[in-house]
Every structure is written in C-alpha cells, then in structure tokens.
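Everything on this sheet refers to the single structure shown next.
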Amino acid sequence: LSNFLLWQCAYAEIYFSETLFPSLTKREFKKIIKEFRKRERTFGK
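Quick note on numbering: the sequence shown equals residues -19 to 25 in my numbering.
Quick look at the structure:
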C-alpha cells in the first residue's frame, strides 16, 4: 500500500484473484465476499 493512509488501513486484508478487474464476474465477486465472511476478525487482539 506504499504508506498511503497507513494507520487507517491497519486491519485491511488484500485478496488476490487470478481474474483481472474488468473481467470479474458477479459469481467470482460473490465468492470473494463469501471467503471474507469466513474469516475470524480479531483486530489485533
């Protein structure tokens, strides 16, 4: 993230997909959201 708003994105998670953004389908986007929801967020605890 190259120090851009470093403190504001302390708990950010980056997801890398094989599909480039213009080709991203609704199905794949839903898959990404589903994957994110499975994670247990502790916010540094």
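Cβ atoms here follow ideal geometry from the backbone N, Cα and C, with glycine treated the same way. Keep in mind the model is a prediction, meaning the values are calculated, not measured.
Check: Below 8 Å between beta carbons: does that hold for Glu8 and Thr(-1)?; Outcome: yes
Check: Indicate the three-state DSSP secondary structure (helix, strand or coil) for Lys25 in the structure shown.; Outcome: coil
Check: In the DSSP assignment, find the unbroken alpha helix (DSSP H) run with Phe9 in it and report its ends.; Outcome: 6 to 17
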